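Okay, so here's the structure we're looking at.
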Amino acid sequence: MPFEDELTDALRSTADGFQPDLTSLVNAGVRDGRRRSRRRTLGVVGGVAALALVGIGGAAASGVLTGGQTTRSAAPVARTVTRPPAPVAKPTVAAPVLPKFTAAQTLAAFEGMLPKGDTVTQAQSQGFTLTKSHGLAFISGPMASLVLADGIGGSAMFITVTRPAGKLDDPSLLDYVACPGHAVRPDITCTRTRLADGSVLAVMQGLESPHSSTEKDWTAWLATKDGGLIELDETNSAQEKGGVSRPEPILTKAQLASIASDPLWRTLAAKLPAPRVR
Amino acid sequence: VKQVQEDDYLEFATARSGHLYRTACLLAGGDTHLAEDLVQETLGRTYVHWRKVSAADNPAAYAHTVLVRAFLSHRRRRSSDERPTGWVPDGSATESDPALRVTLLAALAELSARDRAVVVLRYWEDRSVEETAALLRLSTGAVRTQSSRALARLRTVLGTGLSDVVHP
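Put into structure tokens, the structure is as follows:
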């Protein structure tokens, strides 16, 4: 056999021995994407909030994925060897229960927290949503986006409810509520507060990017003691890449803090399953 | 909210992550922690640009390009911190011949990062010389040169070891 063919066989055999934990990989990838896009306004994948990922059913457990891939069970099931061997039922894992909070409820709740008298346009929302893919189930938390306008101009904003961790003391969660240093982002003014229930609130007011001159992006992040994360983000433009419509975003720092820390969002975040930790 | 885009991204990520991870393990010479970091970066970058990526002809090819470039970029940043050759990888590998794994991964680790990328793309991903050249931003001549240099090196390091472990 030519050396090249032997090499191909050896690479294949070696590579196939590496068994990924798909759940962790996809969660980490989504988290990485969110971190990368966190200063981009409105947007990316519609502000996707899919961080909770749990294995369901037997598909992942039996290692059936497209492309001849295999995976470790997303939810290992302990088995006892019995003698004589009896037919073993296919391990089943209960499908996750989708918490109930609809798109309409999410939007109504968000609008109810906004200043009275301003006008809302371009509203979109989502409740708890279940997506199944390749034997894994993803539960996305509630989110809403809209443009709020007063007599001066419109301000695009969104709120998302996710659960990146199982507890507050998790680096992947604390990263969101860490104030960027002045050396890194001199344009950002950041206040970090610990609330009575132990949650950590960070409000960041800065430019959309360090290279912006007039585009501003203000965000309130609330990390809850259960590992939940609320993000409320607003800009001083009425649409993505649409130019500045007002000197500053419409909600004040106090309003950002108040809405992001509303107990409703914390309750909803706690309903999301915590990601698996390995 | 564009739920369809979200579904598409998650479907793509779950379908491709396994292959990306295995490619990353070979590129990383068996360093599974580095491989996880590389896949995470790849999925994260794909997420950020998903709208454009999903509209392209081949999102999987895009992700693999990102992965290989992330690996080369990592190696440039960490060039003073190369692991010693002959290092035995850790990780959760199972179900393959341990002697073959150790032998092959140690041999790969002796190659330069770029030569290793050429080998992995040509002989694991089964990419053509032209595709490999485009992905690594090299001329086809340079890919051929690097490929034969890498093969010669692997032959020297592995000796007859490869055929012994592949066909004991």
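Each protein sequence line maps, in turn, to chains A and B.
Every number in our numbering is 22 more than the matching position in the first sequence, counting from 1.
Every number in our numbering is 1 more than the matching position in the second sequence, counting from 1.
Note that CB positions come from ideal geometry on N, CA and C, so glycine has one too.
Small disclaimer: the values here were computed from a predicted structure and weren't measured.
Is the beta carbon of residue i less than 9 Å from the beta carbon of residue j?
{"i": "Leu73(B)", "j": "Thr24(B)", "result": "no"}
{"i": "Met179(A)", "j": "Thr236(A)", "result": "no"}
{"i": "Glu253(A)", "j": "Thr182(A)", "result": "yes"}
{"i": "Thr246(A)", "j": "Asp219(A)", "result": "yes"}
{"i": "Gly163(A)", "j": "Thr124(A)", "result": "no"}
{"i": "Pro24(A)", "j": "Arg185(A)", "result": "no"}
{"i": "Ala166(A)", "j": "Gln146(A)", "result": "yes"}
{"i": "Ala151(B)", "j": "Val119(B)", "result": "yes"}
{"i": "Val54(B)", "j": "Ala64(B)", "result": "yes"}
{"i": "Thr36(A)", "j": "Leu101(B)", "result": "yes"}
{"i": "Leu139(B)", "j": "Leu105(B)", "result": "no"}
{"i": "Ser259(A)", "j": "Gly176(A)", "result": "yes"}
{"i": "Glu26(A)", "j": "Tyr10(B)", "result": "no"}
{"i": "Lys161(A)", "j": "Leu195(A)", "result": "In the sequence under discussion, the amino acid at residue 161(A) is Ile, which differs from the Lys named in the question. Cβ distance not < 9 Å, so Ile161(A) and Leu195(A) don't count as in contact."}
{"i": "Leu278(A)", "j": "Pro137(A)", "result": "no"}
{"i": "Lys275(A)", "j": "Thr213(A)", "result": "yes"}
{"i": "Phe13(B)", "j": "Ala61(B)", "result": "yes"}
{"i": "Thr141(B)", "j": "Glu131(B)", "result": "yes"}
{"i": "Ser280(A)", "j": "Met135(A)", "result": "yes"}
Would residue i count as contacting chain B if we go by Cβ distances under 9 Å?
{"i": "Val70(A)", "result": "In this prediction, Val70(A) has a pLDDT of 36, which is less than 50 and means its spatial position is unreliable; what the coordinates show is noted afterwards. With 9 Å as the cut-off, Val70(A) counts as an interface residue toward chain B."}
{"i": "Gly51(A)", "result": "yes"}
{"i": "Glu169(A)", "result": "Reading the sequence as shown, one finds Val at residue 169(A) and not Glu. Chain B, which has no Cβ nearer than 9 Å to the Cβ of Val169(A), makes this no."}
{"i": "Asp284(A)", "result": "no"}
{"i": "Gly163(A)", "result": "no"}
{"i": "Gly55(A)", "result": "yes"}
{"i": "Val183(A)", "result": "no"}
{"i": "Val48(A)", "result": "yes"}
{"i": "Val67(A)", "result": "Because the pLDDT at Val67(A) is just 30, under 50, the model does not fix this residue reliably, and the value given afterwards should be weighed accordingly. Taking Cβ atoms only, chain B reaches closer than 9 Å to Val67(A), which makes this a yes."}
{"i": "Ala292(A)", "result": "no"}
Give the C-beta separation of residue i and residue j to the nearest angstrom, bearing in mind that I take them to be a contact with Cβ-Cβ under 8 Å.
{"i": "Arg115(B)", "j": "Leu137(B)", "result": "7 Å"}
{"i": "Pro42(A)", "j": "Ser18(B)", "result": "6 Å"}
{"i": "Trp240(A)", "j": "Gln227(A)", "result": "5 Å"}
{"i": "Leu112(B)", "j": "Arg154(B)", "result": "6 Å"}
{"i": "Leu251(A)", "j": "Lys238(A)", "result": "Between Lys238(A) and Leu251(A) the Cβ distance is about 22 Å, and since that is not below 8 Å, they are no contact."}
{"i": "Cys201(A)", "j": "Ala187(A)", "result": "Contact doesn't hold; Cβ gap of about 19 Å is too wide."}
{"i": "Val48(A)", "j": "Thr15(B)", "result": "6 Å"}
{"i": "Phe40(A)", "j": "Thr33(B)", "result": "7 Å"}
{"i": "Leu28(B)", "j": "Arg117(B)", "result": "6 Å"}
{"i": "Gly45(B)", "j": "Gly249(A)", "result": "With a Cβ gap of about 20 Å, Gly45(B) and Gly249(A) do not count as contacting."}
{"i": "Val169(A)", "j": "Leu190(A)", "result": "Incorrect: roughly 32 Å between the Cβ atoms, too far for contact."}
{"i": "Leu122(B)", "j": "Gly30(B)", "result": "About 15 Å; that fails the 8 Å criterion."}
Against residue i, what residues of chain C qualify as contacts under a CB-to-CB distance less than 9 Å, listed in chain order?
{"i": "Leu155(B)", "result": "Of the protein chains in this structure, namely A and B, none is chain C."}
Contact criterion: CB-CB distance below 9 Å. Does residue i meet it with respect to chain A?
{"i": "Tyr63(B)", "result": "no"}
{"i": "Asp116(B)", "result": "no"}
{"i": "Ala107(B)", "result": "no"}
{"i": "Arg58(B)", "result": "Before going on, a small fix: residue 58(B) reads as Asp here, not Arg. Asp58(B) does not count as touching chain A."}
{"i": "Leu35(B)", "result": "no"}
{"i": "Val44(B)", "result": "Here the sequence assigns Leu to residue 44(B), which means Val is not the residue at that position. Leu44(B) counts as touching chain A."}
{"i": "Thr47(B)", "result": "yes"}
{"i": "Val158(B)", "result": "no"}
{"i": "Leu73(B)", "result": "no"}
{"i": "Val67(B)", "result": "no"}
{"i": "Leu101(B)", "result": "yes"}
{"i": "Val130(B)", "result": "no"}
{"i": "Val119(B)", "result": "no"}
{"i": "Gln41(B)", "result": "yes"}
At least 3 beta-carbon pairs within less than 8 Å: the stretch 286-294 of chain A vs the stretch 15-24 of chain B = no
Any chance the stretch 39-58 of chain B sits against the stretch 142-151 of chain B, with 3 or more Cβ pairs inside 8 Å?
-> no
Using Cβ-Cβ distances below 7 Å, what residues of the stretch 12-28 of chain B are close to chain A?
-> Glu12, Ala14, Thr15, Ala16, Ser18, Gly19, His20, Tyr22, Arg23, Cys26, Leu27
May I ask you to list, following chain order, the residues of the stretch 30-43 of chain A that have a beta carbon less than 9 Å from some beta carbon of chain B?
-> Thr30, Asp31, Ala32, Leu33, Arg34, Ser35, Thr36, Ala37, Asp38, Gly39, Phe40, Gln41, Pro42, Asp43
Taking Cβ-Cβ distances below 8 Å as the criterion, which residues of the stretch 134-153 of chain B are in contact with chain A?
-> Leu152
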